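Protein chains: 2
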Amino acid sequence: MRQFIVIGHDAPADPDFSLDDLTGGAGRLDVLCRCVNSTFFLSHAIREDVRCRLVLRDEFTLRFEGSELRRLNPDERSTAALIRKALERRDEAIGHAEVETSPGVYLSRKGFAATLDDAVREGTVVELHEEGNPVVDVEPPEDPVFVLSDHRDFAEREAALLAETAAARVRLGPKRLHADHAITVAHNYLDTGGYARY
Amino acid sequence: MRQFIVIGHDAPADPDFSLDDLTGGAGRLDVLCRCVNSTFFLSHAIREDVRCRLVLRDEFTLRFEGSELRRLNPDERSTAALIRKALERRDEAIGHAEVETSPGVYLSRKGFAATLDDAVREGTVVELHEEGNPVVDVEPPEDPVFVLSDHRDFAEREAALLAETAAARVRLGPKRLHADHAITVAHNYLDTGGYARY
Numbered sequence: 226m227r228q229f230i231v232i233g234h235d236a237p238a239d240p241d242f243s244l245d246d247l248t249g250g251a252g253r254l255d256v257l258c259r260c261v262n263s264t265f266f267l268s269h270a271i272r273e274d275v276r277c278r279l280v281l282r283d284e285f286t287l288r289f290e291g292s293e294l295r296r297l298n299p300d301e302r303s304t305a306a307l308i309r310k311a312l313e314r315r316d317e318a319i320g321h322a323e324v325e326t327s328p329g330v331y332l333s334r335k336g337f338a339a340t341l342d343d344a345v346r347e348g349t350v351v352e353l354h355e356e357g358n359p360v361v362d363v364e365p366p367e368d369p370v371f372v373l374s375d376h377r378d379f380a381e382r383e384a385a386l387l388a389e390t391a392a393a394r395v396r397l398g399p400k401r402l403h404a405d406h407a408i409t410v411a412h413n414y415l416d417t418g419g420y421a422r423y
Numbered sequence: 226m227r228q229f230i231v232i233g234h235d236a237p238a239d240p241d242f243s244l245d246d247l248t249g250g251a252g253r254l255d256v257l258c259r260c261v262n263s264t265f266f267l268s269h270a271i272r273e274d275v276r277c278r279l280v281l282r283d284e285f286t287l288r289f290e291g292s293e294l295r296r297l298n299p300d301e302r303s304t305a306a307l308i309r310k311a312l313e314r315r316d317e318a319i320g321h322a323e324v325e326t327s328p329g330v331y332l333s334r335k336g337f338a339a340t341l342d343d344a345v346r347e348g349t350v351v352e353l354h355e356e357g358n359p360v361v362d363v364e365p366p367e368d369p370v371f372v373l374s375d376h377r378d379f380a381e382r383e384a385a386l387l388a389e390t391a392a393a394r395v396r397l398g399p400k401r402l403h404a405d406h407a408i409t410v411a412h413n414y415l416d417t418g419g420y421a422r423y
């Protein structure tokens, strides 16, 4: 299974934001919504064998399961509405237990460290970073867990955790990409088996 | 220069749409907004040497110039607002003359055929299509003009025009991608010189 973890540093941890202003008013939630889109959407299909986790302010984690998703649409606004709906139930997320807030969407009170712990048990952590090795030089692991940051760089503590746990640190090209674009490129790399199968 | 032409079959040709419903109410304008995003955005930078044209209902064309853009933001809503603002001035677009509706955004009363004519004079037309040749087998032209369709397939007349004018027909992988994801993959292919330079 492919996985993506996206760290949202400024993203809301409560549902008090407007769907009319996802950039400034909702801490660049637009970036995270596009990451969900890139993770799951194919033309007229959903990638089922994929998982995406959004870490919100190191306080909550939203887990999206491709095989279970039912009400996901490609546009930012409707994805933001799903996230807001999830955060409306944040009081039900007690300890590290998850609450399913819509089909295939799970909310838990976990920060990045706890979420990374989960991911390490499920696959091989790969940090996407502009100083990493070219992706074409790295054999893709069977169950890759790509970790990305939103519009900000990884915080020092996040970078330290990744240095400890990531099996590889790769870059996808010579340009620094938006997180959602990086997910699209990573998918294409895996879809083609390292640009070999078309 | 790299160029992308995206055909919006259901996109609005007038400004009477709500920014609160870009999917159903505005003919999947969300797809086109994400295509503009993928065309121009790098992390904390704009790709300057890139042009994007959106064809709206075979009636209007919006040309976005990377080197001139000033008020473009990554989120769908603000891009849709730029498009709506352009369409508010549609009566000023007379014949094939263009109107600059915001910095770097030009509206003209041109359908796909006229827009493709312009593009043929400016570069080498490449059709992105799932039945094309693997992109890695095609030498990228110096000034590629990639032509894509929105959430619908090319109409018969569009496909016929492309068959006449396109120098190549390529596919980007084994999966059918959303148009905006295809743009991201095409950029990455060119950025890396065919997955060679990282």
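Chains A and B supply the protein sequences, listed in that same order. Okay, so the first sequence: first residue is 226 according to the numbering used here, each after it adds one. Okay, so the second sequence: first residue is 226 according to the numbering used here, each after it adds one. Where a beta carbon is used, it is the ideal one built from N, C-alpha and C, also for glycine. Every value quoted in this text rests on a predicted model; they were computed, and no experiment measured them.
Look at residue 263/A here: in three-state DSSP terms it is helix. Residue 305/A and residue 260/A have their C-alpha atoms roughly 11 Å apart.
The beta-bridge partner set that DSSP reports for residue 285/A consists of 281/A. Within chain A, no C-beta atom comes less than 9 Å from the C-beta of residue 293/B; the nearest is roughly 20 Å away.
Secondary structure note for residue 305/A: its alpha helix (DSSP H) is the uninterrupted segment 301 to 312. Under a 10 Å Cβ-count criterion, residue 358/A is classified as exposed, with fewer than 16 other Cβ atoms of the shown protein chains found around its own Cβ. In the three-state scheme derived from DSSP, where H, G and I count as helix and E and B as strand, residue 276/B is classed as strand. Annotated three-state conformation of residue 354/A is strand, per DSSP.
The Cβ-Cβ distance between residue 402/B and residue 352/B does not fall below 7 Å. Looking only at 234/B, 280/B and 249/B, the smallest Cα-Cα distance to residue 343/B is reached by 280/B.
Taking C-beta separations shorter than 7 Å and ignoring five residues to either side along the sequence, the partners of residue 330/A in its chain run 287, 289, 307 and 311, following chain order.
Taking every protein chain shown into account, the CB of residue 292/B has fewer than 16 other CB atoms within 10 angstroms, so this residue is exposed.
Taking a C-beta distance under 7 Å as the contact criterion, residue 333/B and residue 232/B do not qualify as a contact pair.
For the set 422/A, 272/A and 397/A, the Cα lying nearest the Cα of residue 416/B is the one of 397/A.
Around residue 422/A, the beta-carbon contacts reaching into chain B at under 9 Å are 359, 398 and 399. For residue 319/B, the three-state secondary structure derived from DSSP is coil. Around the beta carbon of residue 382/B, a 10 Å sphere encloses fewer than 16 other beta carbons of the protein chains shown; the residue is thus reported as exposed. In the DSSP assignment, residue 340/A falls within the unbroken alpha helix (DSSP H) covering 337 to 347.
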